[in-house]
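To convert, count from 1 in the sequence shown and add 642; that's our numbering. Beta carbons: idealized from backbone N, C-alpha and C, even for Gly.
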Amino acid sequence: QVQVLETGGGLVQPGGSLTLSCVASENIFRLNAMGWYRRGPGNERDLVAWVTRRGNTNYTMSAKGRFTISRDNAKNTVTLQMNALKPEDTAVYFCNTVPSIYNSNWGQGTQVTVSS
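The structure is reproduced here in structure tokens:
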């Protein structure tokens, strides 16, 4: 059963921008804060940014000032606008509840590659 579907990744040059989108099942979206996680090469999957049900946003230090997260409660979607991308942002990006224990069915993620 698909709970989340991430799209929007791709190859971008350093300094470029990408917008990631996620559609989630209503049963998990409606009740939870939603966030974007990422797993870089050889790394753990880490939370990058999250947005509460009321729209309050939070960012890790690596994302603050460059990424913007938002949610559309009518469409069960979460968006991550990423600007000023750096090579170290290269990762597979995932969308899920925050905390992730509320949904064990991770999506496939979307690959973001920042390279010249």
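Proximity of residue i and residue j at Cβ, strictly below 8 angstroms
i      : j      : result
Leu653 : Met724 : no
Ala691 : Ile711 : yes
Asp688 : Tyr679 : yes
Val740 : Cys664 : no
Trp675 : Cys737 : The question names Trp, but residue 675 in the sequence shown is Ala. The answer is no: Cβ separation not under 8 angstroms.
Asn745 : Gln645 : yes
Gly749 : Leu647 : yes
Ser757 : Pro729 : yes
Those residues which DSSP pairs with residue i across a bridge
i      : result
Asn738 : Gly677
Ile711 : Leu722
Thr699 : Val693
Val648 : At residue 648 the sequence reads Glu, which differs from the Val that was named. DSSP output for Glu648 lists Cys664 as bridge partner(s).
Alpha-carbon spacing of residue i relative to residue j, whole angstroms
i      : j      : result
Gly651 : Gly682 : 14 angstroms
Ile655 : Arg708 : The sequence shown places Gln at residue 655, rather than the Ile named in the question. If I take the Cα positions, the gap works out to 15 angstroms.
Thr699 : Ala733 : 21 angstroms
Lys706 : Asn685 : 20 angstroms
Top-ranked residue by Cα proximity to residue i, from the options
i      : options                        : result
Thr694 : Lys706, Glu730, Arg713, Gly707 : Arg713
Leu673 : Leu727, Arg696, Thr710         : Arg696
Asn715 : Lys728, Asn669, Val756, Ser704 : Asn669
Gly777 : Gly658, Val756, Tyr735         : Nothing about residue 777 can be read from this structure; the chain reaches only from 643 to 758.
Thr649 : Val756, Ser757, Thr752, Ser758 : Thr752
Thr755 : Gln645, Gly749, Asp731         : Asp731
Lys717 : Asn747, Ile743, Phe671         : Phe671
Helix, strand or coil at residue i according to DSSP, with G and I counted as helix
i      : result
Glu686 : coil
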